[in-house]
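Working notes, beginning with the structure itself.
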Amino acid sequence: MALKELGIFEIKSNKIVVSDPCYSIEFAVTEDEYVADEDLSLLLTPAKQGKWKATVYYSEDEVVTKLVASHIETNKDSAWIELDKGIGVDAAQAGIFDSTVYGKDEMITYEVKNTFDIDMDEEGLKFYVACSDITAEDDQAGIIIGGAVSVSGLGDGWYPVHIQRDESNQIVGVLIDFYEEE
1 MALKELGIFE IKSNKIVVSD PCYSIEFAVT EDEYVADEDL SLLLTPAKQG KWKATVYYSE
61 DEVVTKLVAS HIETNKDSAW IELDKGIGVD AAQAGIFDST VYGKDEMITY EVKNTFDIDM
121 DEEGLKFYVA CSDITAEDDQ AGIIIGGAVS VSGLGDGWYP VHIQRDESNQ IVGVLIDFYE
181 EE
């Protein structure tokens, strides 16, 4: 399995959103919330603030299999814990984002390419378009302000999320598994 280190981003809050960027933050639920419908997005807390490193993993066929973000001070041997909740994907992409940045158009201070010519007439769509521009590139993944985003491996569907915690019970790692091998 090949991997590519995408770079560093910063978590300034203590909350992480794991989501398809097409969803508003209002769809995010915490680990312990019960929601009758399918899980769409997760709001994970408490997250360790600071610099996080993102890595994307590929299958032999160059399909994205995992997106991983870890605090740079993480003990790499920490156990991964699969959450009871996962995330839904409807736009063939998902990411790991600081909650203070997620879905906020004003955080995208540059001109987006708008590769897919999306009408940006609602709040949050510039952020979504910026994510879509990143996943349309050859690496199918990259860093955006306050997070990392990638295509969702096999496309739309439901994907499990795993976390790592440190000795203070802070979340220091998040993994979206797009391609569980049977």
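Residue 1 is where the sequence shown starts when you use UniProt numbering, and the numbers rise one by one after that.
Every residue, glycine too, gets a C-beta built ideally from N, C-alpha and C.
Owing to the predicted nature of the structure, the values given are computational and were not obtained by experimental measurement.
Distance between residue j and residue i (C-alpha atoms, nearest Å)
i    : j    : result
E123 : C22  : 11 angstroms
D166 : K4   : 24 angstroms
I81  : C131 : 27 angstroms
L43  : A92  : 20 angstroms
H71  : V174 : 9 angstroms
D105 : N114 : 14 angstroms
E73  : N14  : 16 angstroms
S41  : S150 : 15 angstroms
Sequence-distant residues of its chain with Cβ nearer than 8 angstroms to residue i (five each side left out)
i    : result
D177 : T65, K66, Y159, P160, V161 and H162
F9   : K51, W52, A54, A69, D98, I143, I144, I145, G146, G147 and A148
Y179 : S59, V63, V64, T65, K66, G153 and L154
Sequence-distant residues of the same chain with beta carbon closer than 7 angstroms to residue i, five excluded per side
i    : result
V101 : M107, I145, G146 and G147
S24  : G103 and G124
Assigned exposure category for residue i - 16 Cβ within 10 Å defines buried
i    : result
Y57  : buried
D119 : exposed
F127 : buried
G7   : exposed
Residue span of the alpha helix (DSSP H) that contains residue i, given as start and end
i    : result
Y102 : Counting along the chain, Y102 falls outside any alpha helix (DSSP H), and DSSP gives it neither H nor E.
First and last residue of the uninterrupted beta strand (DSSP E) at residue i
i   : result
S19 : I16 to S19
Beta-bridge partners of residue i, as assigned by DSSP
i    : result
Q140 : DSSP lists no partner for Q140.
Other residues of its chain near residue i: CB distance less than 6 angstroms, five sequence neighbours each side excluded
i    : result
A136 : T115
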